[in-house]
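Residue numbers (the numbering used here): -10 to 257.
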Amino acid sequence: MDEKKIKIHKDKCRGCGKCIKDCLALNLVLRNGKAEVLKDCLLCGHCYAVCPFDAVEMPGEYLAEDSQKCEGEIPALDPKIFLHSVKSRRSIRDYKEKPVEQEKLERILQAGRYTATAKNNQDCSFAFVQKERAHLKKVVWDFIDQKKHTWGKEIPRDMLPYFAFNQRRKADPSDDYLFRNAPVIVFIASNWPLDAGLAAQNMEMMAVAEGLGVLHNGYLARIVEENEEAKKWLGMEGKPVKACMLMGYPAVKYVKTAPRKAPQVVWR
């Protein structure tokens, strides 16, 4: 079994103690003027990020080429601009017939991949469907037809909307209510539901920064979770699908933010 440890390069370590002070697991000590690892750890990367002398090495599965230097103070988002972006965000249900560039999808993936996870488990799996949307739709609709045949009149209440979507589609092939004609469909699977939600939120904000729009689609997440064929095709076998996002260039422009109810908050 592989050890879950970082490696300290003693020839580079200066014994400054920054990694020891920042280790949340209290897993580093200073011995003979050098940092030393006690046991397996979370591999959170705090020691790697805080070391000014490049003395810390993460295990091989951690991609060192992703690491970037933080020169000076980390540039912060302008608070007013960020809050305006959050308030301006709308769930997009109308998309342009325009494919999304791969490089933009790659950056959106990175926003999800770098989202904090419980105990640093990094358990989220991602699937982006763009070129093969037609196949995904067929798998989903075939599954719904199969379920209708299996259940007959004893259809579970939570499945009723899917049969309504399917009837609409059959009555009018141009009706794509479930998929909204979105160019990209993104799924996130995780054994930690909160992790998937956090990743989805960061990915949505990144998508907005790229000029895209997003709709969180719980209907698609649930029906794909029920469909083992779809999960296998998406590479998500054995892990629950917890989030789905429709994504693309918005075909609608909103001219102001929508009002919200007064906040339910306690200040103490």
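Here a beta-carbon is modelled for each residue, glycine too, at the ideal position from N, C-alpha and C. Everything numeric in this text was worked out from a predicted model, so none of it was measured.
Of the residues the options, the one placed nearest residue i, counting alpha carbons only
{"i": "Tyr51", "options": "Ile81, Tyr103 and Pro68", "result": "Tyr103"}
{"i": "Gly202", "options": "Val89, Glu54, Asp112 and Lys28", "result": "Val89"}
{"i": "Met195", "options": "Glu95, Gln111 and Val45", "result": "Glu95"}
{"i": "Ala178", "options": "Ser114, Gly4 and Asp67", "result": "Ser114"}
{"i": "Gln99", "options": "Tyr166, Ser56, Asp165 and Lys85", "result": "Ser56"}
{"i": "Ala123", "options": "Cys59, Phe168 and Ile(-5)", "result": "Phe168"}
{"i": "Trp130", "options": "Tyr166, Glu199, Asn109 and Lys250", "result": "Tyr166"}
{"i": "Lys58", "options": "Val26, Ser74 and Ala38", "result": "Ala38"}
{"i": "Leu27", "options": "Arg249, Leu17, Gly101 and His35", "result": "Leu17"}
{"i": "Val112", "options": "Cys5, Leu187, Lys(-1) and Asn206", "result": "In the sequence as presented, Val is not what sits at residue 112; that position holds Asp. Considering only alpha carbons, the answer is Leu187."}
{"i": "Ala105", "options": "Met148, His35 and Glu215", "result": "His35"}
{"i": "Ala232", "options": "Lys250, Val244, Ala247 and Ile212", "result": "Ile212"}
{"i": "Gly200", "options": "Ile97, Cys12 and Leu19", "result": "Ile97"}
Coil, strand or helix - residue i by DSSP
{"i": "Val45", "result": "strand"}
{"i": "Lys127", "result": "helix"}
{"i": "Pro248", "result": "coil"}
{"i": "Ala260", "result": "Shown here, the chain extends from -10 to 257; a query on residue 260 therefore has no answer."}
{"i": "Ser114", "result": "strand"}
{"i": "Leu94", "result": "helix"}
{"i": "Tyr243", "result": "coil"}
{"i": "Gly4", "result": "coil"}
{"i": "Met(-10)", "result": "Note on Met(-10): pLDDT 43, under 50, position unreliable in the model; no value is reported."}
{"i": "Ile144", "result": "coil"}
{"i": "Ser163", "result": "coil"}
{"i": "Pro88", "result": "coil"}
{"i": "Ile9", "result": "helix"}
{"i": "Tyr37", "result": "helix"}
{"i": "Val255", "result": "coil"}
Beta-bridge partners of residue i, as assigned by DSSP
{"i": "Ala24", "result": "Leu19"}
{"i": "Ala107", "result": "According to DSSP, Ala107 bridges with nothing at all."}
{"i": "Gly237", "result": "Gly202"}
{"i": "Lys(-4)", "result": "Glu46"}
{"i": "Ser80", "result": "Val203"}
Anticipated Cβ contact below 8 Å, residue i with residue j, distance rounded
{"i": "Asp184", "j": "Asn155", "result": "Wrong, their Cβ atoms sit about 32 Å apart, outside the cutoff."}
{"i": "Lys7", "j": "Cys30", "result": "Contact doesn't hold; Cβ gap of about 16 Å is too wide."}
{"i": "Ala14", "j": "Ile(-3)", "result": "Going by Cβ atoms, the distance from Ala14 to Ile(-3) rounds to 15 Å, so no, they are not a contact pair."}
{"i": "Ala189", "j": "Met225", "result": "The Cβ separation is near 15 Å, so there is no contact."}
{"i": "Phe42", "j": "Lys10", "result": "Rounded, the Cβ-Cβ distance is 15 Å, inconsistent with contact."}
{"i": "Val241", "j": "Asp67", "result": "About 26 Å; that fails the 8 Å criterion."}
{"i": "Leu204", "j": "Ile81", "result": "5 Å"}
{"i": "Ala107", "j": "Trp181", "result": "5 Å"}
{"i": "Val173", "j": "Gln119", "result": "5 Å"}
Contact test: residue i Cβ vs the ligand GDP heavy atom, cutoff 8 Å
{"i": "Pro145", "result": "Ligands displayed in this structure: none; no statement on the ligand GDP is therefore possible."}
In chain order, which continuous runs of the alpha helix (DSSP H) of length 4 or greater are located wholly inside the region 177 to 234? List check, alpha helix (DSSP H) in window: 182 to 198, 207 to 215 and 217 to 222.
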